[in-house]
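Chains as they are written, first to last, in this note's numbering: chain V, 1 to 160; chain L, 1001 to 1096.
Structure first, then comments.
What follows is the structure in structure tokens.
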């Protein structure tokens, strides 16, 4: 049985960051320390974000979903960070636009298919305004974890 | 059979998610048997160009412009403008 994609210790709220690079470097370091990602993950994530940005102008709260190639990951996991103040990310598919992101979901994926259903549930949340509001307003990390975990644990309910 | 290609930087996560979303939307219209959807890495686009009818883009690819109708895949992730974009895709495929 595979480990859960999201654990509560990978969910944080009220995080301060000076910019995208600062934040992604710190989140990468946590994933490396946890044995989830390889040491090459940090640079790979930063490079990928620079080339193929992941900021999304979603309703209620703007989200970024940084990720990189599978060879930099030991086992699949995601980390969820809600920022104290938004920081600019470039917009996915439109590198010349920026979006003020407050929710950063780093997707560390060790292969291309095994977690696909879970990922679809997760990304499905991003077009659901009510869920986005819930994530924006969750009072603490535990509540934020519960909202996301409930969604990704019942993938069949996620069909839009 | 029409073919839609969906491409992102890695051919992982985002393109596959958009492909599933498109599958759902096509299924709701009863059009699933008419369309083949491929989620691919952006570097593979040239390989698929001859067989594809429509390209749904999630990653900007610099100066590269392809000679098939191209649509905004990000709208299927955010939900904003998704139904309009879907109708445009159907029009390009002559399915509506």
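In this text, a Cβ means the ideal position worked out from N, Cα and C, and glycines have one as well.
- Per DSSP, the continuous beta strand (DSSP E) segment holding residue 95 (chain V) begins and ends at 94–108.
- At a C-beta separation below 7 Å, residue 1013 (chain L) has these neighbours in chain V: 67, 107, 109, 119.
- Not one beta carbon of chain L lies nearer than 7 Å to the beta carbon of residue 135 (chain V).
- Judged by their CB atoms, residue 1004 (chain L) and residue 1037 (chain L) are nearer to each other than the 7 Å cut-off.
- With the rule of 3 Cβ pairs closer than 8 Å, the region 98–111 of chain V counts as touching the region 57–77 of chain V.
- In this structure, DSSP gives residue 136 (chain V) a helical state, which the three-state scheme calls helix.
- Under the Cβ distance rule, residue 1078 (chain L) counts among the residues neighbouring chain V, one pair being separated by less than 7 Å.
- When the Cα atoms are used, residue 18 (chain V) and residue 119 (chain V) turn out to be separated by approximately 28 Å.
- DSSP places residue 1020 (chain L) in the helix class (H, G or I) of the three-state scheme.
- Against chain L, a Cβ distance below 8 Å from residue 123 (chain V) picks out 1013, 1014, 1017, 1077.
- The continuous beta strand (DSSP E) containing residue 80 (chain V) extends over residues 77–91.
- Residue 58 (chain V) has a beta carbon lying within less than 7 Å of a beta carbon in chain L.
- Restricting attention to V:49, V:5, V:8, V:6, the CA atom closest to the CA of residue 25 (chain V) is found in V:49.
- Between the alpha carbons of residue 1090 (chain L) and residue 33 (chain V) lies a distance of about 47 Å.
- In summary, the residues of the region 71–97 of chain V whose CB is separated from some CB of chain L by less than 7 Å are 92, 93, 94, 95, in the order they occur in the chain.
- With contacts defined by Cβ atoms closer than 7 Å, residue 1073 (chain L) and residue 1006 (chain L) form a contacting pair.
- Under the DSSP assignment, residue 12 (chain V) falls in the beta strand (DSSP E) whose first and last residues are 11–15.
- A distance of 7 Å or more separates the beta carbons of residue 125 (chain V) and residue 65 (chain V).
- Listed in chain order, the positions of the region 1036–1062 of chain L with a beta carbon within less than 7 Å of a beta carbon of chain V are 1057, 1058, 1059, 1060.
- For chain L, none of the residues of the region 19–30 of chain V brings a beta carbon within less than 7 Å of one of its beta carbons.
- Each of V:110, V:73, V:111 was checked against the Cα of residue 41 (chain V), and the nearest Cα belongs to V:73.
- Ranked by Cα distance from residue 8 (chain V), the first of V:97, V:92, V:78 is V:78.
- Assignment of residue 1031 (chain L) by DSSP, reduced to helix, strand and coil, places it in the coil class.
- Looking at the DSSP output, residue 1055 (chain L) sits in a beta bridge with L:1005, L:1070.
- Taking 7 Å as the threshold, the shortest C-beta distance from residue 116 (chain V) to chain L falls below it.
- The C-beta distance from residue 1058 (chain L) to residue 109 (chain V) rounds to 16 Å, too long to meet the 8 Å contact threshold.
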